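In mature numbering (1 follows the signal peptide of the UniProt record, and there is no 0), the protein residues as written are -23 to -1, 1 to 202.
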C-alpha cells in the first residue's frame, strides 16, 4: 500500500510546528521531539497490531485515504483541539472527533465553523433524533472560503466495530453535508461510544474529492457525560 500524496515540501514546516506544539503542551505531548522525527522518517506502509501500538509510548491515530494509510502521532492538545502529525509532514486537527483542518493533502480543509449549534461539542450520545445545523467551510487550494453548507445528522443502529482485535459496540451516525453552490454533497459517518460520545472511527470528507478514514488506535480520551 502506498503512502498518502502528502507534499514533501511541508515536511520541515510540519516538523517545526510539531516541535513548538511539544514544547507548549508537554502534559499530553509525545514526550520528546525525537518521536516526531521518527514519525516523519517512518515507513508509510502501516500494518498496526495491538502489540505494535502497545509497544510505543504515544497516542496513535490511523488515517486512511484512497492512496494508502499512515499512523499519526498526537503532538498537541490546545483546549478541545488535537493536532496529529505523521509521515512527510501530513497533519490533521480534530475537535470533538471532527476534522477541522488538514495539512499536506492535494485538497485541504483550512477551517470549519458551526452555525446553529454543534452536536459534536455537546456529545453525540445526546443526539437521539435527526438534527440539522450549518457548517461554514474553508478549502484550499483555490481560496474557496466561506462555503455555506447544510448538515443533517441522524443516529443509526448499533454496530460491531473491530479495532486492533477488540470489538467495540458503537452507534453509527450519518451526517449529510450539502453545499449546493460548491457542488458538494457528501455523507460523513461516525462510529460513537454510546456511553460518552467518543468517536472511535469515522469517515469524513475533507474537501471535494478528498476523504479520510480515521481510526483511534491509542486515543487521547477525555470522558464526557
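The beta carbon of each residue, even a glycine, is placed where N, CA and C say it ideally should be.
Quick caveat: nothing in here was measured; it's all calculated off a predicted structure.
- Remark: C-beta atoms of residue 194 and residue 37 approach each other more closely than 8 Å.
- As computed with DSSP, residue 198 is found in no beta bridge at all.
- If you look at residue 132, you'll find it in the beta strand (DSSP E) that goes 121 to 140.
- Between residue 90 and residue 184, the CB-CB gap reaches or exceeds 8 Å.
- Inter-segment contact for the segment 45 to 54 and the segment 144 to 154 is absent: fewer than three beta-carbon pairs are separated by less than 8 Å.
- Residue range 96 to 99 is occupied by the alpha helix (DSSP H) that includes residue 99, with no beta strand (DSSP E) assigned at that position.
- Distances from the CA of residue 79 to each of 173, 128 and 114 were compared; the closest alpha carbon is that of 114.
- Residue 156 sits in a strand when the DSSP states are folded into three classes.
- Straight-line measurement puts the Cα of residue 159 at about 30 Å from the Cα of residue 177.
- Partner residues in the beta bridge of residue 109, as assigned by DSSP, are 129.
- Residue 87 is positioned such that its CB atom lies no closer than 8 Å to that of residue 110.
- A buried status is given to residue 126, since no fewer than 16 other beta-carbon atoms sit within 10 Å of its beta-carbon.
- Of the other Cβ atoms in all chains shown, 16 or more fall within 10 Å of the Cβ of residue 68; this residue is therefore buried.
- Less than 8 Å separates the beta-carbon of residue 130 from that of residue 104.
- Relative to the Cα of residue 132, the nearest Cα in the group 169, 191 and 99 belongs to 169.
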